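Have a look at the structure below before the remarks.
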Amino acid sequence: MTIANVLPSPAPRRLSIFGSTGSIGCNTVDLIERNPGAFDVEALTANGNVALLAEQAKRLRARIAVVADNSRYDELKEALRGTGIEAAGGENAVVEAAERPVDWVMAAIVGAAGLRPTLAAARQGAIVALANKECLICAGELMIDEIRRHGATLLPVDSEHSAIFQVFDFDQPDKVARIILTASGGPFRSLSRGQMSSVTPAQAVAHPNWSMGAKISVDSATMMNKGLETIEAYHLFPVAKESIDILVHPQSVVHSLVEYVDGSVLAQLGAPDMRTPIAYALGWPARMAAPTPRLRLEEIGTLTFEAPDAERFPALLLAKQALQMGGAAPTVLNAANEVAVEVFLQGRIGFLHIAQIVEETLNRTPSNRLNTLEDVGEADLWARRYAQEQATRFHALHN
Ligand code: NAD
Ligand code: MG
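Residue numbers for the sequence shown follow the numbering used here, beginning at 315 and rising by one.
Okay, structure coming up:
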């Protein structure tokens, strides 16, 4: 199927993609390729997948391709020789690429590693389509302040937040009673704690509905993803911390809901395919076509809903605790979780240890406030070190 160029603007939208080789990045590239002439690609970046990065840069005629792992720079340069596409390597080069003026940026790096480039994009006033939830959780209000100060626009890409964005009445935020984030429940939705203690990384990354990168797949399995999304929602929408609820919905068709004071509940529905929320952000404020499977409710027949179980999924409570604590707590929660997930994926700790590492680290959070981005860096580093120590301890228990 070919999708017509449906963007209203006659001038192509100039854009960059950070993390173009990942799951979100590849879906974004796919949509761009289906709309020839609608987009003008400035920069593409990746961590280490040089072959795919170079291929994407050639196909999209990007001006520059950047590999964050500097040891791969020569390889990238060689792959782009004779194409006229600039090659660069290293973390600073990723940030410099984000400083190049564009209309629109896809922030799809995974983890707090995406913070510096996302801030650089915000500082040049771009529309920032945010998939990289960790950077918002890690820097919180400081990131929102930077966005405001530089006249940038933040658009959600996470499917739940895109859904809320589409049905939230920003003219009457005081008439919103609560927002309800739906959760698939992940691959271990029906497992007991005893059964979860022996699950493998391969089982944890096999999500029932969504095809995603390894880190977010593990976050979905622990349900930390929904915890992180609660904090993300708090920053993106004008709602009280207590007015964000979670509802388990295994079919992933209702992508989230907004309840108003008159009892009306508005929701956005669709097939579980990230190209719908990405297209919403890519064309915004206009809608553009996406090649997503059409939703046939008559074929699905039954949609089910259940309350989340925080006893089996303690990560949900840890994220709520971090949100209530404020200050450095969300930064610490996120950093400890990144470390724990990585160590779990390496097979060095058990699945249940992930939340335990996060809990132990969160409970030691230094009480100082986050006044500057340097404070964010310090809290992040402290939490990574502390979580690593806990991981070593659990590793000894695990074997
Ligand atoms: P992924 O692992 O598939 O891709 C991550 C991308 O970031 C890759 O291009 C990788 O090269 C790059 N990268 C990784 N580490 C880097 C580093 N240190 N420096 C620079 N680049 C680095 O991840 P994903 O599933 O595409 O997720 C990306 C972000 O989007 C995450 O924050 C995730 O939570 C969020 N998200 C993803 C989905 C999804 O469906 N995949 C849905 C909602 C939100
Ligand atoms: Mg989501």
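We treat Cβ as the ideally placed atom computed from N, Cα and C, and that holds for glycine. Owing to the predicted nature of the structure, the values given are computational and were not obtained by experimental measurement.
Inset, instruction - To the nearest angstrom, report how far apart K447 and I423 are at their CA atoms. - result: Start at 1 with the first residue of the sequence shown, and residue 447 comes out as number 133. Start at 1 with the first residue of the sequence shown, and residue 423 comes out as number 109. Looking at the two C-alpha atoms, the distance is approximately 9 Å.
Legend entry - Rounded straight-line distance, which links the Cα of C449 to that of I458: Along the sequence shown, read from residue 1 onward, the residue named residue 458 stands at position 144. Along the sequence shown, read from residue 1 onward, the residue named residue 449 stands at position 135. Approximately 11 Å between the Cα atoms of the pair.
Legend entry - Distance CB(T536)-CB(I560) smaller than 8 Å: Position 222 of the sequence shown, counting from 1, holds the residue named residue 536. Position 246 of the sequence shown, counting from 1, holds the residue named residue 560. No.
Legend entry - Buried versus exposed, by CB contacts within 10 Å (16 or more), R327: Here residue 327 corresponds to residue number 13 of the sequence shown, with the count starting at 1. By the 10 Å Cβ count, R327 comes out buried.
Inset, instruction - Only counting runs of 4 or more residues, tell me where the alpha helix (DSSP H) segments fall wholly within the stretch 451 to 518, in order along the chain. - result: 473 to 481, 507 to 510
Legend entry - Backbone secondary structure at V568 - three-state DSSP: Looking up residue 568 in the sequence shown gives position 254. Reduced to three states, the DSSP call for V568 is strand.
Legend entry - Spatial distance of L429 from A593 (CA atoms): Counted from its first residue, the sequence shown places residue 429 at position 115. Counted from its first residue, the sequence shown places residue 593 at position 279. So the two alpha carbons sit approximately 23 Å from each other.
Legend entry - Residue from L367, K372, R377, A376 with nearest C-alpha to Y387: Within the sequence shown, residue 387 is the residue found at index 73, counting from 1. The option with the nearest alpha carbon to Y387 is L367.
Inset, instruction - Report, in whole angstroms, the separation of the C-beta atoms of A435 and A407, which I expect to be a contact under 8 Å. - result: For the purposes of this step, residue 435 is taken as residue 121 along the sequence shown, with counting starting at 1. For the purposes of this step, residue 407 is taken as residue 93 along the sequence shown, with counting starting at 1. At roughly 14 Å, the Cβ-Cβ gap does not stay under 8 Å, so A435 and A407 are not in contact.
Legend entry - Proximity winner among I530, A600, I614, relative to N651 (alpha-carbon distances): Position 337 of the sequence shown, counted from the start, is the residue given in the question as residue 651. Nearest C-alpha to N651: I530.
Inset, instruction - Could you say if the stretch 475 to 483 and the stretch 579 to 587 meet the contact criterion of at least three C-beta pairs nearer than 8 Å? - result: Taking a cut-off of 8 Å for Cβ pairs, the stretch 475 to 483 and the stretch 579 to 587 touch, as three or more such pairs fall below it.
Inset, instruction - Spatial neighbours of A528 within its chain, please: CB distance less than 7 Å, with the 5 preceding and 5 following residues excluded, ordered by chain position. - result: By one-based count along the sequence shown, residue 528 stands at place 214. The answer, listed in chain order, is V519, L659.
Legend entry - Residue range of the unbroken beta strand (DSSP E) whose run includes I423: For this step, residue 423 is matched to residue 109 along the sequence shown. Note, I423: premise wrong, no beta strand (DSSP E); not H, not E.
Inset, instruction - In the DSSP assignment, find the unbroken beta strand (DSSP E) run with T675 in it and report its ends. - result: Against the sequence shown, residue 675 aligns to sequence position 361. Per DSSP, T675 lies in no beta strand (DSSP E) segment; the continuous alpha helix (DSSP H) that holds it begins and ends at 665 to 676.
Inset, instruction - Return the Cβ separation of N361 and A393 in integer angstroms, given the expectation that the two are a contact with Cβ distance under 8 Å. - result: Position 47 of the sequence shown, counting from 1, holds the residue named residue 361. Position 79 of the sequence shown, counting from 1, holds the residue named residue 393. Contact flag wrong, Cβ pair sits at about 16 Å.
Inset, instruction - Can you say whether L571 is buried or exposed, counting buried as having 16 or more other CB atoms within 10 angstroms of its CB? - result: One-based indexing of the sequence shown puts residue 571 at position 257. Result: buried.
Inset, instruction - With a threshold of 7 Å, establish whether the CB of I545 neighbours any heavy atom of the ligand NAD. - result: Mapped onto the sequence shown, residue 545 falls at position 231. False, no ligand heavy atom lies under 7 Å from that Cβ.
Legend entry - For T359, the nearest candidate out of F665, A426, N523, E410 (CA to CA): Translated into the one-based positions of the sequence shown, residue 359 becomes position 45. Of the listed residues, the one whose Cα sits closest to T359 is E410.
Inset, instruction - Could you check the C-alpha separation between I331 and E460 for me, to the nearest Å? - result: The residue given as residue 331 occupies position 17 in the sequence shown. The residue given as residue 460 occupies position 146 in the sequence shown. Taking the straight line from one Cα to the other gives about 20 Å.
Inset, instruction - Classify Q638 as buried or exposed, calling it buried when 16 or more other Cβ atoms lie within 10 Å of its own Cβ. - result: Along the sequence shown, read from residue 1 onward, the residue named residue 638 stands at position 324. Classification for Q638: exposed.
Legend entry - Residue burial classification, R601 (beta-carbon count within 10 angstroms, cutoff 16): As a position in the sequence shown, residue 601 is number 287, starting the count at 1. Exposed.
Inset, instruction - Kindly indicate which residue of D417, A697, L647, F627 has the alpha-carbon position closest to the one of R507. - result: Here residue 507 refers to the residue found at position 193 of the sequence shown. Ranking D417, A697, L647, F627 by Cα distance to R507 puts F627 first.
Legend entry - For A654, the nearest candidate out of G640, G641, A629 (CA to CA): For the purposes of this step, residue 654 is identified with residue 340 of the sequence shown, where counting begins at 1. When C-alpha distances from A654 are compared across G640, G641, A629, the shortest belongs to A629.
Legend entry - Selected residue, minimal CA-CA separation from A503, among L611, P622, R377: Position 189 of the sequence shown, counting from 1, holds the residue named residue 503. Reading off the sequence shown, one finds Arg at residue 503, where the question assumed Ala. Here the closest residue by C-alpha is P622.
Inset, instruction - Determine the direct distance from the alpha carbon of V532 to that of P515, and round the result to whole angstroms. - result: Numbered from its first residue, the sequence shown carries residue 515 at position 201. Numbered from its first residue, the sequence shown carries residue 532 at position 218. The straight-line gap from Cα to Cα measures roughly 8 Å.
Inset, instruction - Below 7 Å CB to CB, which residues in the same chain sit around H549 once its five sequence neighbours on both sides are set aside? - result: The residue given as residue 549 occupies position 235 in the sequence shown. Cβ within range, chain order: L450, G454, I458.
Legend entry - DSSP three-state assignment for R377, whether helix, strand or coil: Counted from its first residue, the sequence shown places residue 377 at position 63. Correct three-state label for R377: coil.
Legend entry - DSSP beta-bridge partners of Q582: By 1-based counting over the sequence shown, the position of residue 582 is 268. The partner list for Q582 (beta bridge, DSSP) reads S570.
Inset, instruction - Less than 8 Å between the CB atoms is what I'm expecting for I346 and K372, so what's the real figure, rounded? - result: In the sequence shown, residue 346 corresponds to position 32, counting from 1. In the sequence shown, residue 372 corresponds to position 58, counting from 1. The pair is not a contact, with the Cβ atoms about 14 Å apart (cut-off 8 Å).
Inset, instruction - Less than 8 Å between the CB atoms is what I'm expecting for A649 and A426, so what's the real figure, rounded? - result: Here the question's residue 649 lines up with position 335 in the sequence shown. Here the question's residue 426 lines up with position 112 in the sequence shown. Indeed they touch by this definition, with Cβ atoms about 6 Å apart.
Inset, instruction - Starting from the C-beta of Q565, find all residues in its chain whose C-beta is less than 6 Å away, skip the five residues before and the five after it, and write them out in chain order. - result: One-based indexing of the sequence shown puts residue 565 at position 251. So the list reads L617, once near-sequence residues are dropped.
Inset, instruction - Reducing DSSP to helix, strand and coil, say where G691 ends up. - result: Within the sequence shown, the letter at position 377 stands for residue 691. Helix at G691.
Legend entry - Proximal residues to I493 (C-beta, below 8 Å), its chain only, five neighbours per side dropped: By one-based count along the sequence shown, residue 493 stands at place 179. Excluding five sequence positions before and after I493, the CB atoms of its chain that fall closer than 8 Å to its own CB belong to I478, F482, A547, F551, V553, S557, I558, D559, S570, L571, V572, E573, given in chain order.
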